[in-house]
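Colleague:
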Amino acid sequence: MYGMGMGLFQGVNKMQVARARAHGLVHKLKACCMFSMHDVVRDVAISIASTEQNVFSATEEQESSSLTIPNKFFERMIQVRVINFSYMNLLSLPSSLGLLSNLQNLSLYNCKLLDITVIRDLKKLAVLCLRGSDIKRLPVEVGELTLLRLLDLRDCMELEVIPPNILSNLSHLEELYMGPRSFDKWEVEVEGVKNASLHELKHLISLELQIQDVNTFPRGLFLEKLETFKILIGGVWGWEYADIWCREFKIDLDSKIRLKDGLILKLEGIEDLWLSYLEEQDVNYFVNELDKVGPSQLKHLYIRGSHLTLNPAESKLHNHTILIF
């Protein structure tokens, strides 16, 4: 969301609205063949953008096994609003990064940094991408970024500790992306620290999350503000990257959790629902909930590993795709 960081969408306060507007602009540019430009024109466009829009970008071509950015590097770039260090083998972040009081978008995608505490001074930061990072503990300094709207923690395979109250302090956070290869030890004690709770995510609008162990899933959780989501609960599900606009919910029901305890979203908002190992009480609950909400947005229902079946006519599913496997 570089456009948001560069202030291209004046008057837009929600990430999803900005993203929709960006997609609309891209569609228009494609229609005008603006993406089929000569390399020289492309280089000039990048040069103009980096000069006029206060952008700093480093590319994979500049990758080094021991890249170090001098501590004073950003001292004369205080107007920079977007920084992209994707795929850079940085040893550390320069201390002068903390001087960038106008920085709104910072991408450290696939950077192997272990210490990112300098970001605590980036009070206007709206987008932070730590995807593919080797951090083992989310720094408490992240909780000081109170204007943060999007946090990307996907593929952070070493991440084991998210201290409590960091996520809840991010009162403007709209979107959190974690995926299948990242932190999933919610409320588990690690190194003497009890991890954050999923209850801290109630203010989110968009969430991407997988929880392998059903036993760590809190009962009574309800994320009523979610508009787009991809949530997988249980270890039987494979992860497939899909449209960011999807509304997909998968839950592995076992003897310790039933549908009435695990359906943490409004049923009428789910488009793709995957259920495994249904029991009769789950079927009854599901049918009753459908009766309550009336016509829903449910497009596809997938039922796995169950000897029970649903009668589409009786359960208002006659216009939906039902796959039992």
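Each residue of the sequence shown is one higher than the one before, counting from -8 in the working numbering. Every residue, glycine too, gets a C-beta built ideally from N, C-alpha and C.
#1: What are the partner residues of Gln391, as DSSP defines its beta bridges?
#2: Can you tell me which of Gln95, Met148, Ile60 puts its alpha carbon nearest to the alpha carbon of Ile69?
#3: Output the distance between the C-alpha atoms of Gly226 and Leu200, rounded to the nearest integer angstrom.
#4: Quick check on Ala304: buried or exposed, where buried means 16 or more other Cβ atoms within 10 Å of its Cβ?
#5: What's the call for Thr397, buried or exposed, on a 16-neighbour Cβ count within 10 Å?
#6: Got a sec, what are the start and stop residues for the beta strand (DSSP E) Val73 sits in?
#7: Identify, in the order they occur along the chain, each residue of the same chain with its Cβ nearer than 7 Å to the Cβ of Val184, setting aside the five sequence neighbours on each side.
#8: Going by DSSP, what residue range makes up the beta strand (DSSP E) through Asn275?
#9: Considering only the alpha carbon of each residue, which of Leu104, Cys23, Phe240, His163 lies closest to Glu135?
#10: Nearest to Leu97 by CA position, among Met148, Lys115, Asn80, is which residue?
#11: Just the C-alpha distance for Glu54 and Phe208, rounded to the nearest angstrom, thanks.
#12: Skipping 5 residues on each side, what residues in its chain have a beta carbon closer than 8 Å to that of Lys216?
#13: To the nearest angstrom, how far is the alpha carbon of Leu256 from that of Glu166?
#14: When burial is assigned at 16 or more other CB atoms within 10 Å of the CB, is Val35 buried or exposed?
Modeller: Per the coordinate set shown:
#1: This structure leaves residue 391 out entirely; the chain is present only between -8 and 316.
#2: Position 78 of the sequence shown, counted from the first residue, corresponds to residue 69. The shortest C-alpha separation from Ile69 is found at Gln95.
#3: For the purposes of this step, residue 226 is taken as the residue at position 235 of the sequence shown. For the purposes of this step, residue 200 is taken as the residue at position 209 of the sequence shown. Taking the straight line from one Cα to the other gives about 13 Å.
#4: In the sequence shown, counting from the first residue as 1, residue 304 sits at position 313. Here the model assigns Ala304 a pLDDT of 48, short of 50, so the residue's position is not dependable, and the following value carries that caveat. Exposed.
#5: Coverage of the chain is limited to positions -8 through 316, which leaves residue 397 absent and any answer about it impossible.
#6: In the sequence shown, residue 73 corresponds to position 82, counting from 1. It spans 73 to 75 - the beta strand (DSSP E) in which Val73 sits, taken as one unbroken run.
#7: The sequence position of residue 184 within the sequence shown is 193, counting from 1. Excluding sequence neighbours, Val184 sits near Val152, Pro154.
#8: Taking the first residue of the sequence shown as position 1, residue 275 is located at position 284. Segment 271 to 284 is the alpha helix (DSSP H) holding Asn275; no beta strand (DSSP E) there.
#9: Walking along the sequence shown from the start, residue 135 turns up at place 144. When only C-alpha atoms are compared, the closest one is His163.
#10: Mapped onto the sequence shown, residue 97 falls at position 106. The candidate whose alpha carbon is nearest that of Leu97 is Lys115.
#11: Within the sequence shown, residue 54 is the residue found at index 63, counting from 1. Within the sequence shown, residue 208 is the residue found at index 217, counting from 1. Residue confidence for Glu54 is low, a pLDDT of 49 falling below 50, so the modelled location carries little weight; the figure read from the coordinates is stated next. Cα-Cα distance, rounded: 40 Å.
#12: Taking the sequence shown and counting its residues from 1, the one referred to as residue 216 is at position 225. Cβ neighbours of Lys216 beyond the five flanking positions: Lys193, His194, Leu195, Ile196.
#13: One-based indexing of the sequence shown puts residue 256 at position 265. One-based indexing of the sequence shown puts residue 166 at position 175. For Leu256 and Glu166, the distance between alpha carbons rounds to 16 Å.
#14: Translated into the one-based positions of the sequence shown, residue 35 becomes position 44. Exposed, since its Cβ has fewer than 16 Cβ neighbours within 10 Å.
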